[in-house]
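Protein chains: 2
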Amino acid sequence: MKKKAIVNNTPVCQVRMQAISDTMSLLSGKWKFHILGTLIEGCKLGFMDLLREIDGIGSKMLSKELQDLEMNHLISRTVMDTKPITVQYAITEYGATLTPLINEMAKWGIEYRQSVHGAK
Amino acid sequence: MKKKAIVNNTPVCQVRMQAISDTMSLLSGKWKFHILGTLIEGCKLGFMDLLREIDGIGSKMLSKELQDLEMNHLISRTVMDTKPITVQYAITEYGATLTPLINEMAKWGIEYRQSVHGAK
DNA sequence: GTAGGTGGTTTCCTACAGGAAAGTACTTCC
DNA sequence: GGAAGTACTTTCCTGTAGGAAACCACCTAC
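Protein chains in written order, with full-length UniProt numbering: chain A, 1 to 120; chain B, 1 to 120.
So this is what it looks like as structure tokens:
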């Protein structure tokens, strides 16, 4: 009947784990980081711009992912009153708070590449 | 025939995007961050410990994810010569370099929760 | 011998992610 | 009138992620 002490059910841990799950579920899927990264670099872009920028994505995926991101207030969608109607997607102030996370991720990925190619 | 300038095909961008894809593919799936987070907190843990710590995971998933992480040198697997044979999983030095990334992610998730509950 | 603990693997199943291609609607250019 | 561009949506299909449950092997305590 002796049960090992559970190390991980302290409140601080539960909150951290929950927070990571939240973040991951908002950014789940193959394309969200690409879209956000592109919008952070490019500022304002149209649907077709994104379709061309992001290598390999299809219109269905792009449409769905943009809706997801807009729903979570990470990007904004603005219909422009131009001759052939255009839509501009841009990162929101809130979405921009992801920049350090994206930078960390890019930095780690670059270092990983180097260590695999160099040390292995 | 006029084509809009592509903003995203500068070498630095391509490398960043590739790096993000690399990182995401190593950490893909529902459980990798949970496992890494738990091992960073708990130091050395056995299979059954992890099964109990990580709420909801099944033995198949845990086994598979541990193999993935070990293959990428993010965790170590040590068979202990104890009475009933036990295995210890621990984070490697290399896996520990993910700590800032995991911290960023947890931090962002916590802030997201607060902003949704508070401001909305 | 049998119940219970360790550390898994294997089988089977389902749901969702994601891709290709076509369709919709509206506009402008020629 | 028709091609071409913008911005999507819809349909159809496939592959894989991931869960439940059973099974294997080995050891110890009773």
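All residues carry an ideal CB built from backbone N, CA and C; glycine is no exception.
Predicted, not measured: the structure shown is a model, and the values here were computed from it.
Residue interval of the alpha helix (DSSP H) (run including A:K64): In the first sequence, the residue the question calls residue 64 of chain A occupies position 64. Looking at the DSSP string, the run of the alpha helix (DSSP H) that includes A:K64 is 59 to 71.
Assigned exposure category for A:E65 - 16 Cβ within 10 Å defines buried: For the purposes of this step, residue 65 of chain A is taken as residue 65 along the first sequence, with counting starting at 1. Its Cβ being crowded by 16 or more others within 10 Å, A:E65 is buried.
My assumption, with CB atoms under 8 Å, is that A:T92 sits in contact with A:H73. Please give the rounded CB distance. Taking the first residue of the first sequence as position 1, residue 92 of chain A is located at position 92. Taking the first residue of the first sequence as position 1, residue 73 of chain A is located at position 73. Contact holds; Cβ gap of about 6 Å.
Please classify B:H49 as buried or exposed, where buried requires at least 16 neighbouring CB atoms within 10 angstroms. Position 49 of the second sequence holds residue 49 of chain B. Sequence inspection shows Asp at residue 49 of chain B; the His mentioned does not correspond to that position. B:D49 is buried by the Cβ-count criterion.
Return the CA-CA distance between B:M17 and A:G37, expressed in angstroms with no decimal places. On the second sequence, position 17 is the one that residue 17 of chain B refers to. On the first sequence, position 37 is the one that residue 37 of chain A refers to. Their backbone Cα atoms lie some 8 Å apart in a straight line.
Tell me whether the beta-carbon of A:I75 lies closer than 8 Å to the beta-carbon of A:L45. The residue labelled residue 75 of chain A in the question sits at position 75 within the first sequence. The residue labelled residue 45 of chain A in the question sits at position 45 within the first sequence. Not a contact, by the Cβ cut-off of 8 Å.
What residues are listed by DSSP as bridge partners for B:S76? In the second sequence, counting from the first residue as 1, residue 76 of chain B sits at position 76. Paired residue(s): B:A90.
Please confirm if B:A19 has its CB atom under 8 Å from at least one CB of chain A. Position 19 of the second sequence, counting from 1, holds the residue named residue 19 of chain B. Yes, B:A19 counts as interfacial toward chain A.
B:K107 - DSSP class collapsed to helix/strand/coil: Here residue 107 of chain B corresponds to residue number 107 of the second sequence, with the count starting at 1. B:K107 falls in the helix class under three-state DSSP.
Counted within 10 angstroms of its Cβ, other Cβ atoms place B:G109 as buried (16 or more) or exposed: Within the second sequence, the letter at position 109 stands for residue 109 of chain B. B:G109 is buried by the Cβ-count criterion.
Between A:D68 and chain B, is there a C-beta pair that is closer than 8 Å? Counting from one through the first sequence, the residue named residue 68 of chain A turns up at place 68. Not an interface residue.
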